[in-house]
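Trainee: Residue numbers (my numbering), protein chains in the order written: chain E, 21 to 314; chain G, 59 to 341; chain B, 19 to 441.
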Amino acid sequence: MKGSSKIAPYVFIGPTLLLLSIFSLLPIAVALYISLTDMDLAGLADYANISFVGFKNYMDVLGDPVFLVALRNTLVYVVVGVPLIIMFSLGVALLINYGRSKLFKTFRIIYYLPSVTNIVAVAVVWSYLYNPGIGLFNYVLTTLGFDRVPWLTDPTIAKFSLILMALWRGIGLNMIIFIAALQGIDRSYYEAAAIDGASAWQRLTRITLPLMRFAIFFVSITTMIGWLQFFEEPLVMTEGGPLNGTVSAALFIYENGFQYSNFGYAAAGSFILFFIIIAVTLLQLRLQRKQNEE
Amino acid sequence: MAAATKARGPQTKEDRLFQWAAGTVLSVFGIFMLVPFAWMMLSAFKTEAEIKRLPPTIWPETFTWDNFGRLFTEMDFGTYLTNTLLITLFAFVGLLLNAMAGFGFAKYRFKGREKMFLLVLATMMIPGQVTMIPVYLILNSVGLTNTMLGIVLPGFSSAFGIFLFRQFMSTLPDEVMEATRLDGASEYRMFAQIILPMSKPILAVQAILTFIGGWNSFLWPLIIANDQKLYTLSVGLQLLKGQHGTNFALQMAGAAFMVVPIMIVFMFFQKQIIENYNISGIK
Amino acid sequence: MNKKLAITTLAAVMLLAGCSSGNGGGQAGENGGSGNTGGSGDSKVTLNVWAMGDSSKPMEEMGAAYTKENPNVTVKVQAIPWGSAHDKLLTAVASKKGPDVLQMGTTWMPEFAAAGALHDLTEDLSGYPELAADNFFEGTVTSTQFDGKTYAVPWLAETRVLFYRTDLLQSVGYDKAPATWDELLDASRKLTERGKDMYGIGLDPKEPTLNFMFARQNGSELIKDGQAQFDQPAFSETVTYLNEYFTNGYAPVDLGLDTSQTFGGDGMVPMFISGPWMIKTIADQIPEIEGKWATAVLPAKENNMSSLGGSNLTVFNFSQQKEEAVKFIAFLSRPENQLAWMNQTGELPATMKAWEDPQLADDPNVSVIGEQLKNAEPMPLVGAWDNISQNFLKTFEQIYRAGADIDSQLKDFNAQAQKLLDR
């Protein structure tokens, strides 16, 4: 019995770790190598065409002024979007969980639906909503007497339009994780608190939130990682425009690297983004650890 | 167990007020959440000309099933459906593996645990496209291109899933585990018979996500398959697009169609999520 | 417990491996049959054909017809969605596993020919006089040539022409379509003066060929002997000319409306430049304006050369059955088969003989396309062109949206393009 408990962890993590090594870690290593070469389509066809270029690709990426614009845009997306998503999904989860009537079950579905819809269809619908002339949003605004808003045609506003769309899509996923976590909280805690005469706010901040720490931690890390790689929304809605107003780091890499089969360049750009994400995540982990210790 | 958990005492006024407030807020935002989706569903039943009409209509003037009909006739629907279901089914194997890994990271102390977990997390941080070609070449070297195994294998392990399980399972009480061990059960039996049932809510969440991932799988089956017989529904839908001009109605119908099974799965699994599990209850 | 798990896993894996539908046991079956050296076709052959988008059914029918003539050949079709075709082709090149016959868009030809992914057809074509270059529109042949060799056979062709509302143009004094740049500008101005929210012509600033196409009409060579010509007057005059439409409001910016919404009715945008697929779209989506619209060849400056697009048929360089592949390509290129294809898909043939058929010759709008095809060329066939044209879109956006100075923008753009050409 003792023996089984010693090798048990390795048996549990073994299969997935093996798969991840083969299908993720190994390819990442290969990509790192590619980033130091000038591999393109010709190189893909015949490896003899590839030559080693050291850090040239990295310099090219970092030296491109548009890349800096892309980084700035990504910063906006992350700083604005991540807190909003966490707040909204947590808020919605708390409200839905609070409710006792059957109606709240429907809310679960309603809030989750956007998450599961195909991005292509989402893009079509939201392009219509944001349409400057006949779109629903501007239609409502003009009927109410306001001016039309250049949702996707003004470089700054476009960023927020995309954030709104991504919020719409992303709330559902995090919401159900929070709901699952909320359901896992033992009722006896609340009963004890009720006996002690705690108010709703106290119940929320002293019992619920602390006991959901693991879920909040998870959601904040994964959301941050996800939004640093903000890609699909600008790709399908604005292609990075107008005037590079919405291009994100990931989209920049895609447009300049993958689209033109400049694999070395694309790999270098991906690694730069990768390092940024690692740095941010480590920072987050450290902050969370500090918070937990308090 | 369930009976003792829903503490239904006399509902205070404050309580009911809060209920109403919650309901109202959720409804207002809910409408916003629903509008784009509703528009999509309604458009699926319109003709292409009507969708493009100015000013736009809300309810279809000419209600038509044509778009949906085309989905079935212009695609090799049966084959694509079978493949999609097969891929989704195998994705659930991955679900089990990820649960095991999450458990391993959560409840055991072993050498290199932190480092290995960081490695797992790191795999989430790289943009997917950059690993696409290396993975393809790996599968090619072992002859797994154009096979179902080649399609599903890379997707078995998901850092997201492992992370999720680890987070949730680390909150499971150690006392239960100790008690089971003292009873003489092996680690694996404990996992299967104690840990998994206790993790039902998070298993349900991940099951939904796994289903969605498998159901919508598009790029990888397309890349791996050299034969249309391995295509999935998503690939089939994309094939309906011509080179020039988009047929909105058809796209909406396709998207609407793909969402329906997901909704069904969600409604089924969400029961599992909300079943209030009293996890500290030691039987 | 452990053993059970292991056995079930093993069984599942074997089940998966066996589930490789349509591919009994490994790769041997993929490229079909024995190495076909003689090609007289006694042994059974399976040809793999990759077609794009919604072409799988018509291609399968072509395949079936081919099998009737050549009973030992089965044609297996794999359709690839347009949006993901590039990725799919990349993996084919990487693994050297792909089709025998490959439909390839004209814009991708330079990239894939340079990478050695396409088989050099120069020698094979000597045995097929019907595939000789003079059977096809000149512009379509250009995209099949690379480095002095032939890598493809032209198949489907499209070019851009002017679509216009005959009634509205008549109302501003044009009984025929504008035939010169000046007339186009004049007509657009007059049409814009009809009222608020009225425009003259729809020009899509996000369309990558627009400026280049017009520039060639102004005598620009775009790229000459490996040198970018975008800072030369022929090009900058063109940009200034096109920019006028946007700054004066003759062409809408960010209207966000589909052509079918703006071309019909009162004709918010009564002219636009596009390709043959719009003929069917207009007929389907705005049937009420039948008889009130027509197509015309593009207005001219020094010439009226239009942009040519379409796709060619190529043989994948790693195919094991190149001879059979060429034979099938010759089959697809027959005028009658090209017409049959057109009837199913609406895609127009590159073979000139097919255009003599009444289906094409008698339709006034379609025959205009045929006329324009005689004077249409693809965009410069350099590997970096895609990159260059996308960069231009960003440059042009600075000009029409942010009012940047044209000459300095073009100078920067030219330098950028030269860098890409020199790589």
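Think of the CB as a built atom: it goes at the ideal place given N, C-alpha and C, for glycine as much as any other residue.
#1: Find the residues of chain B that neighbour I191 (chain G), judging by a C-beta separation of less than 8 Å, and give them in chain order.
#2: Using a Cβ-Cβ distance cut-off of 8 Å, determine whether I145 (chain G) contacts chain B.
#3: Can you give me the C-alpha to C-alpha distance between A269 (chain E) and D206 (chain E), rounded to a whole angstrom?
#4: Go ahead and label E176 (chain B) buried or exposed: buried means 16 or more other beta carbons lie within 10 angstroms of its beta carbon, across all protein chains shown.
#5: Just to confirm, is the Cβ distance from T280 (chain B) to F181 (chain B) under 8 Å?
#6: With 16 other CB atoms within 10 Å as the buried threshold, where does Q309 (chain G) fall?
#7: List the endpoints of the continuous beta strand (DSSP E) containing T177 (chain B).
#8: Could you confirm whether any beta carbon from chain E is found closer than 8 Å to the beta carbon of G272 (chain G)?
#9: Who are the Cβ neighbours of G364 (chain B) in its own chain at under 8 Å, not counting the five residues just before and after it?
#10: Who are W68 (chain B)'s beta bridge partners in DSSP?
#11: Can you give me the Cβ contacts of A422 (chain B) inside the same chain, cut-off strictly under 6 Å, excluding the 5 residues immediately before and after it?
#12: Could you compute how far the alpha carbon of V73 (chain E) sits from the alpha carbon of L82 (chain E)?
#13: I want to see whether chain B comes within less than 8 Å of L305 (chain E), judged by CB atoms only; does it?
#14: Along the region 248 to 273 of chain E, what residues have a CB closer than 9 Å to any CB found in chain B?
#15: Measuring only between beta-carbons, confirm whether P99 (chain B) sits less than 8 Å from chain G.
#16: Could you tell me the distance, in whole angstroms, from the CA atom of N409 (chain B) to the CA atom of F431 (chain B)?
#17: By the three-class DSSP mapping on this structure, what secondary structure does E48 (chain B) have?
#18: Check whether the Cβ of V342 (chain G) lies closer than 8 Å to any Cβ atom in chain E.
#19: Assess, as a yes-or-no matter, whether the region 175 to 195 of chain E is touched by the region 100 to 113 of chain E under the definition of 3 or more beta carbon pairs within less than 8 Å.
#20: Beta-carbon within less than 8 Å of S329 (chain B)'s beta-carbon, same chain only, minus the 5 sequence neighbours each way: which residues are those?
#21: Do F334 (chain B) and D118 (chain B) have their C-beta atoms closer together than 8 Å?
#22: Taking a Cβ distance cut-off of 9 Å, strictly less, list which residues of the region 101 to 122 of chain E are near chain G, in chain order.
#23: List the whole-angstrom C-beta distance separating N284 (chain G) from M316 (chain G), where the pair is believed to meet the contact cut-off of C-beta under 8 Å.
#24: Is S71 (chain E) helix, strand or coil by DSSP?
#25: The alpha helix (DSSP H) spanning W273 (chain G) covers which residue range?
#26: Pull up the distance between the alpha-carbon of G283 (chain B) and that of T115 (chain G), whole angstroms please.
#27: Looking only at C-alpha atoms, which of G:Q286, G:F306, G:E245 and G:E172 sits nearest to V95 (chain B)?
#28: With distances taken Cα to Cα, identify the nearest neighbour of I17 (chain E) among E:G165, E:P254 and E:T36.
#29: Check whether the Cβ atoms of I282 (chain G) and N204 (chain G) lie closer than 8 Å to each other.
#30: May I ask you to list, following chain order, the residues of the region 201 to 213 of chain B that have a beta carbon less than 9 Å from some beta carbon of chain G?
#31: DSSP three-state call for P398 (chain B): helix, strand or coil?
#32: If you follow the alpha helix (DSSP H) that G63 (chain E) is part of, which residue opens it and which one closes it?
#33: Please name the residue or residues paired with V442 (chain B) in a DSSP beta bridge.
#34: Using a cut-off of 8 Å between C-beta atoms, extract the partners of W146 (chain E) located in chain G.
#35: Quick check: what's the CA-CA separation for T162 (chain E) versus R168 (chain E)?
#36: What are the start and end residues of the alpha helix (DSSP H) that includes M289 (chain B)?
Mentor: Concretely, from the data shown:
#1: Translated into positions along the second sequence, residue 191 (chain G) becomes position 133. Listed by position along chain B, the residues whose Cβ is nearer than 8 Å to that of I191 (chain G) are L108, T109 and A112.
#2: Your numbering for residue 145 (chain G) matches position 87 in the second sequence. By this cut-off, I145 (chain G) is not an interface position.
#3: As a working mapping, residue 269 (chain E) is identified with position 249 in the first sequence. As a working mapping, residue 206 (chain E) is identified with position 186 in the first sequence. Whole-angstrom Cα-Cα distance: 43 Å.
#4: The residue labelled residue 176 (chain B) in the question sits at position 158 within the third sequence. So E176 (chain B) counts as buried.
#5: Along the third sequence, read from residue 1 onward, the residue named residue 280 (chain B) stands at position 262. Along the third sequence, read from residue 1 onward, the residue named residue 181 (chain B) stands at position 163. Cβ atoms of T280 (chain B) and F181 (chain B): not closer than 8 Å.
#6: Indexing the second sequence from 1 puts residue 309 (chain G) at position 251. Around the beta carbon of Q309 (chain G), 16 or more other beta carbons lie within 10 angstroms, which makes this residue buried.
#7: Indexing the third sequence from 1 puts residue 177 (chain B) at position 159. Going by DSSP, T177 (chain B) is part of the beta strand (DSSP E) stretching over V171 to T177.
#8: Taking the first residue of the second sequence as position 1, residue 272 (chain G) is located at position 214. So no, G272 (chain G) is outside the interface.
#9: Indexing the third sequence from 1 puts residue 364 (chain B) at position 346. Around G364 (chain B): P294, W295 and K298.
#10: One-based indexing of the third sequence puts residue 68 (chain B) at position 50. Its beta-bridge partners are B:Q96 and B:L120.
#11: In the third sequence, residue 422 (chain B) corresponds to position 404, counting from 1. So the list reads Q416, once near-sequence residues are dropped.
#12: Within the first sequence, the letter at position 53 stands for residue 73 (chain E). Within the first sequence, the letter at position 62 stands for residue 82 (chain E). Linking V73 (chain E) to L82 (chain E) through their CA atoms gives a straight-line distance of about 16 Å.
#13: Reading the first sequence from its first residue, position 285 is the one you call residue 305 (chain E). No, its Cβ sits nowhere closer than 8 Å to a Cβ of chain B.
#14: E259, G260, G261, P262, L263 and N264
#15: Translated into the one-based positions of the third sequence, residue 99 (chain B) becomes position 81. By this cut-off, P99 (chain B) is an interface position.
#16: In the third sequence, counting from the first residue as 1, residue 409 (chain B) sits at position 391. In the third sequence, counting from the first residue as 1, residue 431 (chain B) sits at position 413. Rounded to the nearest angstrom, the two C-alpha atoms are 8 Å apart.
#17: Here residue 48 (chain B) refers to the residue found at position 30 when the third sequence is read from its first residue. Reliability of the predicted coordinates at E48 (chain B) is poor, the pLDDT of 35 falling under 50, and no value is obtained from them.
#18: Coverage of chain G is limited to positions 59 through 341, which leaves residue 342 (chain G) absent and any answer about it impossible.
#19: yes
#20: Position 311 of the third sequence, counted from the first residue, corresponds to residue 329 (chain B). Here the set comprises M70, Q121, M122, G123, T124, W173 and L174.
#21: Translated into the one-based positions of the third sequence, residue 334 (chain B) becomes position 316. Translated into the one-based positions of the third sequence, residue 118 (chain B) becomes position 100. Here F334 (chain B) is near D118 (chain B), since their CB atoms are less than 8 Å apart.
#22: Here the close residues are F108, G111, V112, L114, L115, I116, N117, Y118, G119, R120 and S121.
#23: The count along the second sequence starts at 1 and reaches residue 284 (chain G) at position 226. The count along the second sequence starts at 1 and reaches residue 316 (chain G) at position 258. By a beta-carbon distance limit of 8 Å, N284 (chain G) does not contact M316 (chain G). Their separation comes to about 24 Å.
#24: On the first sequence, position 51 is the one that residue 71 (chain E) refers to. Coil, per DSSP.
#25: As a working mapping, residue 273 (chain G) is identified with position 215 in the second sequence. From DSSP, the alpha helix (DSSP H) with W273 (chain G) extends over K258 to W273.
#26: As a position in the third sequence, residue 283 (chain B) is number 265, starting the count at 1. As a position in the second sequence, residue 115 (chain G) is number 57, starting the count at 1. Using only the alpha carbons, I get a separation of about 17 Å.
#27: Mapped onto the third sequence, residue 95 (chain B) falls at position 77. When each option's Cα is compared against that of V95 (chain B), the closest is G:Q286.
#28: Residue coverage of chain E in this structure runs from 21 to 314, which leaves residue 17 (chain E) outside it and unanswerable.
#29: Taking the first residue of the second sequence as position 1, residue 282 (chain G) is located at position 224. Taking the first residue of the second sequence as position 1, residue 204 (chain G) is located at position 146. Their beta carbons are under 8 Å apart, which means I282 (chain G) touches N204 (chain G) by this criterion.
#30: In summary, no residue of the region 201 to 213 of chain B has a CB separated from any CB of chain G by less than 9 Å.
#31: Position 380 of the third sequence, counting from 1, holds the residue named residue 398 (chain B). In the structure shown, P398 (chain B) sits in coil (DSSP, three-state: anything other than H, G, I, E or B).
#32: On the first sequence, position 43 is the one that residue 63 (chain E) refers to. That run of the alpha helix (DSSP H) goes L61 to A65.
#33: Summary: the structure shown does not reach residue 442 (chain B), with chain B confined to residues 19 through 441, and so no result is reported for it.
#34: Here the question's residue 146 (chain E) lines up with position 126 in the first sequence. What W146 (chain E) touches in chain G: P94.
#35: Stepping through the first sequence from its first residue, residue 162 (chain E) is reached at position 142. Stepping through the first sequence from its first residue, residue 168 (chain E) is reached at position 148. Approximately 6 Å between the Cα atoms of the pair.
#36: Indexing the third sequence from 1 puts residue 289 (chain B) at position 271. Looking at the DSSP string, M289 (chain B) is not in any alpha helix (DSSP H); the run it does join, the beta strand (DSSP E), is M289 to S292.
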